[in-house]
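**Student:** Please see the structure below; I have some questions.
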Amino acid sequence: MKEGKAYNGMVEVGEDVREAYRVLEERIKASMAKIKRKIVVLSGKGGVGKSTVAVNLALALAASYGPETVGILDADITGPSIPKMLGVRGMALQSGPPGIFPAFGPMGVKIVSMDFLLPSDETPVIWRGPLKSSAIRQFLGEIVWGKLEYLLIDLPPGTGDEALTVIQSIPKVDGAIIVTIPSEVSELVVKKAVEFARRLNTPILGIVENMAEFRCPKCGAVYQILRSGAGERIAEQMGVRLLGKIPLDPTVSETSDAGKPIVASDPQHPIAKTFMKIAEEIDSLLKASS
């Protein structure tokens, strides 16, 4: 590929670069056209369990629609965690004549992550924004996702390059799920995530409040370890729906760390049923709006 020419401190992009960009645009459109519904999962800050929510919702949707009907794209290029949570670390993406194929996780969920391309656990991804954006666009356009009912895109915390790239590259994002925890700091930043989605004309499906309360496994007593009622307050103040509240339970983190998320490993667990209920509401909302 030829390099662009410098002109008054600016770079003039060559025709071959523009053509490559156009070709990738067409590939993204063609690939996304085969996917019925595209959802982004975002949060204003890290540490709220956003990836845990994304993984369990993907599995809940797959439980309803069947194997190979749901995909999850790990768009956190520098801190990928989805393969670990789904127990597929060490897998490699396979390539063939049509392109590159996703890995498969529990319940036949299709998975793509930067983690599959790193040589070791210690290898950092030291990339600036343009490189991260380029990788995401290749994941969208060059991966053979096939026909899917749902593609969930797990975004890194915040409202930066990756989130912008995903939402602006996909012809139509059907909705955003915003994850928060009951803390004042999280409440402040999650409002920015809500406004971010609105400014980009992305429908907000609702808020999931994670770590909402702690229920003692021995006596059943409920404790508000963190600030209570955050989900309701944000939903009311921002005029969005509260999709559900996930309790603070060590089982959720333990199953994710083991690569066996709670929806897959213990579908009768009350928290797994909560994830199923949230997934059903999301599905109903999108069916009603289509």
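In terms of this note's numbering, the sequence shown opens at residue 352 and continues consecutively. Cβ coordinates follow ideal geometry from the N, Cα and C atoms, glycine included.
1) With 16 as the cutoff for other CB atoms within 10 Å, does residue 595 come out buried or exposed?
2) Give me whichever residues DSSP pairs with residue 463 in a beta bridge.
3) Out of 584, 528, 553, 624, which has the shortest C-alpha to C-alpha gap to residue 395?
4) Can you tell me which of the three DSSP states residue 403 falls into?
5) For residue 503, does the three-state DSSP call read helix, strand or coil?
6) Pull up the CB-CB distance for residue 531 and residue 456, whole angstroms please, since I reckon it's below 8 Å.
7) Given a cut-off of 8 Å, decide if residue 506 and residue 390 are closer than it, judged by their beta-carbon atoms.
8) Given residue 545, which residues of its chain have a CB within under 7 Å of its CB, disregarding the five upstream and five downstream residues?
9) Three or more C-beta pairs closer than 8 Å, one from the stretch 478-495 and one from the stretch 436-450: is that the case here?
10) Measuring alpha carbon to alpha carbon, tell me which residue in 522, 638, 412, 628 is nearest residue 383.
11) Put residue 487 into one of helix, strand or coil per three-state DSSP.
12) Determine the closest residue to residue 438 out of 411, 466, 415, 496, with distance taken between C-alpha atoms.
13) If you reduce the DSSP assignment to three classes, tell me which class residue 623 lands in.
14) What does DSSP give as the partner residues of residue 445 in its beta bridges?
15) Starting from residue 381, trace the beta strand (DSSP E) in both directions and tell me its first and last residue.
16) For the alpha helix (DSSP H) that residue 582 lies in, which residues bound it at each end?
17) Exposed or buried, residue 557, counting other C-beta atoms within 10 Å across all chains shown (16 or more means buried)?
18) Is the distance from the Cβ of residue 433 to the Cβ of residue 471 below 8 Å?
19) Since residue 552 and residue 399 should fall inside the 8 Å C-beta cutoff, what is the C-beta to C-beta distance between them, to a whole number of angstroms?
20) By how many angstroms is the C-alpha of residue 365 removed from the C-alpha of residue 353?
**Tutor:** Put simply:
1) Burial call: buried.
2) In the DSSP assignment, the residues bridged to residue 463 are 424.
3) Ranking the options by Cα distance to residue 395, first place goes to 528.
4) In the structure shown, residue 403 sits in a helix (DSSP, three-state: H, G or I).
5) Three-state DSSP puts residue 503 in a strand.
6) Incorrect: roughly 26 Å between the Cβ atoms, too far for contact.
7) Cβ distance not < 8 Å, so residue 390 and residue 506 don't count as in contact.
8) Excluding residues within five positions, the ones whose Cβ falls inside 7 Å are 529, 555, 589, 591.
9) They touch, by the three-pair rule.
10) Comparing Cα positions, the closest option is 522.
11) Taken through DSSP and simplified to helix, strand or coil, residue 487 comes out as helix.
12) Selected option, being the one with the closest Cα: 466.
13) Looking at residue 623 - three-state DSSP - the assignment turns out to be helix.
14) Bridge partners of residue 445: 452.
15) Careful: residue 381 lies outside any beta strand (DSSP E), inside the alpha helix (DSSP H) at 366-384.
16) Boundaries of the alpha helix (DSSP H) around residue 582: 581-589.
17) Buried, since its Cβ has 16 or more Cβ neighbours within 10 Å.
18) Not closer than 8 Å, so no.
19) About 24 Å separates the two Cβ atoms, so there is no contact after all.
20) Any reading at residue 353 must be qualified, since the residue scores a pLDDT of 44, below 50, and its modelled position is unreliable; no value is offered.
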